[in-house]
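Structure record follows, encoded as structure tokens.
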Amino acid sequence: MYKDKDRTKRVRKYGKGTVFTITEVVSWGGIWLLKTESEFYLTANKNYVKINN
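Residue numbers (the working numbering): 188 to 240.
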């Protein structure tokens, strides 16, 4: 989880099974990021995240 879209300011690392509420999907520099309700960013790489409806 990062504070900025450039992914230079890491907030912390979360383990498998952690659930986040996503408010926006953002395209940034050729990659996709997920913006959480707490205004932080996560990777949208399907190897690392799973979307539950």
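Ideal Cβ placement from N, Cα and C applies to all residues, glycine included.
- In this structure, the beta-carbon distance from Thr205 to Leu220 does not fall below 8 Å.
- Distances from the alpha-carbon of Thr210 to those of Tyr228, Gly202, Lys233 and Tyr235 put Tyr228 closest.
- Here Ile209 is bridged, per DSSP, to Thr223.
- In this structure, Lys192 lies away from Val212, with their beta-carbon atoms at least 8 Å apart.
- Each residue's CA atom was taken as its position, placing Lys203 and Lys190 some 20 Å apart.
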